[in-house]
């Protein structure tokens with residue numbers, strides 16, 4: 001059945017390393033969201049795309065984070081260099097413009113040591 | 114900052130009891146949604162209520178919306194142990210489809 005797929009599910013990396021998280025939205029969906037979830041901050045919107053174009057990435061630290069959609073079936077979130085404070089669960093969600101419901105992936109649990 | 118704030122932060126009840134969670138938000142909205150998150154999993158959409166609606170039902174779920182108070186409530190009736198999860202409200206503002214989540218209510222239903 002249709003679902004949002006995120007890889008990897010878990011990632012442990014050392015401070016300073018580059019981290020790339022990938023998301024495959026549901027086929028046909030034209031809106032993609034990236035969220036970060038921590039105990040302290042809850043769910044924070046980092047960026048969202050419509051038809052592969054970034055509409056809002058104001059929630060994303062620009063100096064180290066970047067988000068792209070190389071094509072309609074792949075969204076990436078990159079952190080370079082990673083820091084311990086980036087440790088969180090990163091969720092990708094997809095949807096259709098004009099339809100409010102968002103479909104979430106299972107998340108990537110990132111630990112930066 | 115978060116658009117929505119849930120209340121209470123945590124709720125523990127016995128199976129069969131009703132659970133009520135509240136959400137307040139700050140700006141005008143197009144609609145409000147409730148999502149559920151099981152531990153270690155992604156969020157799952159439960160129910161949506163539009164800004165011109167006051168109440169909506171879906172199975173054991175009942176959602177109310179009071180736009181004058183900028184608040185919503187989610188009622189789960191006849192709760193089950195399987196309802197144990199975190200529940201989040203989410204709003205999208207009138208200016209676009211940016212979806213903003215509250216801090217969530219952790220519901221524990223004891224068998």
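Protein chains in written order, with the working numbering: chain A, 1 to 113; chain B, 114 to 224.
All residues carry an ideal CB built from backbone N, CA and C; glycine is no exception.
| Check | Outcome |
| --- | --- |
| Do the CB positions of residue 107 of chain A and residue 93 of chain A come within less than 8 Å of each other? | no |
| Please check if any C-beta of chain A sits within less than 8 Å of the C-beta of residue 216 of chain B. | yes |
| Give the range of the beta strand (DSSP E) segment to which residue 218 of chain B is assigned. | 218–223 |
| Under a three-way DSSP split, which group does residue 114 of chain B fall into? | Confidence at residue 114 of chain B is low in this model, with a pLDDT of 38, below 50, so its placement is unreliable and the value that follows should be read with caution. Three-state result, residue 114 of chain B: coil. |
| Under 9 Å between beta-carbons, which chain B residues line up against residue 101 of chain A? List them in chain order, please. | 146, 158, 161 |
| Please state the DSSP three-state secondary structure of residue 85 of chain A. | helix |
| Within the same chain, show all residues whose beta-carbon is closer than 8 Å to that of residue 194 of chain B, passing over the 5 residues directly before and after it, in chain order. | 128, 222, 223, 224 |
| Here's a check: name, in chain order, each residue in its chain whose Cβ is nearer than 7 Å to the Cβ of residue 166 of chain B, leaving out the five neighbours to either side. | 178 |
| Enumerate in chain order the residues of its own chain whose CB-to-CB distance from residue 3 of chain A is below 8 Å, with the five nearest sequence positions on each side excluded. | 26, 103, 105 |
| Mind reading off the beta-carbon distance from residue 22 of chain A to residue 7 of chain A? Whole number of angstroms is fine, and I expect it under 8 Å. | 5 Å |
| CB residue 15 of chain A to CB residue 89 of chain A, shorter than 8 Å? | no |
| Closer than 9 Å, Cβ to any Cβ of chain B: which residues of the segment 55–71 of chain A, in chain order? | 55, 56 |
| Only counting the same chain, and skipping five residues up and downstream in sequence, which positions put a Cβ closer than 6 Å to that of residue 219 of chain B? | 123, 199 |
| If residue 161 of chain B sits next to residue 101 of chain A, beta carbons under 8 Å apart, how far is it from one beta carbon to the other, in whole angstroms? | 7 Å |
| Could you tell me if residue 185 of chain B is buried or exposed, where buried requires 16 or more neighbouring beta carbons within 10 angstroms of its beta carbon? | buried |
| Confirm, please, whether the CB-CB distance from residue 20 of chain A to residue 76 of chain A is below 8 Å. | yes |
| Just to confirm the assignment, what range does the beta strand (DSSP E) spanning residue 48 of chain A have? | 42–50 |
| Under the assumption that residue 211 of chain B contacts residue 48 of chain A (Cβ atoms under 8 Å), give the Cβ distance between them as a whole number of angstroms. | 7 Å |
| Please go through the same chain and pick out, in chain order, the residues whose beta-carbon is closer than 6 Å to the beta-carbon of residue 79 of chain A, but skip the five residues on each side of it. | 19, 64, 65, 86 |
| How big is the Cα-Cα spacing for residue 83 of chain A and residue 17 of chain A? | 8 Å |
| Excluding the five sequence neighbours on either side, which residues of its own chain have a C-beta within less than 7 Å of the C-beta of residue 151 of chain B, listed in chain order? | 198 |
| Which bits of chain B does residue 48 of chain A rub up against, with CB to CB less than 7 Å? | 211 |
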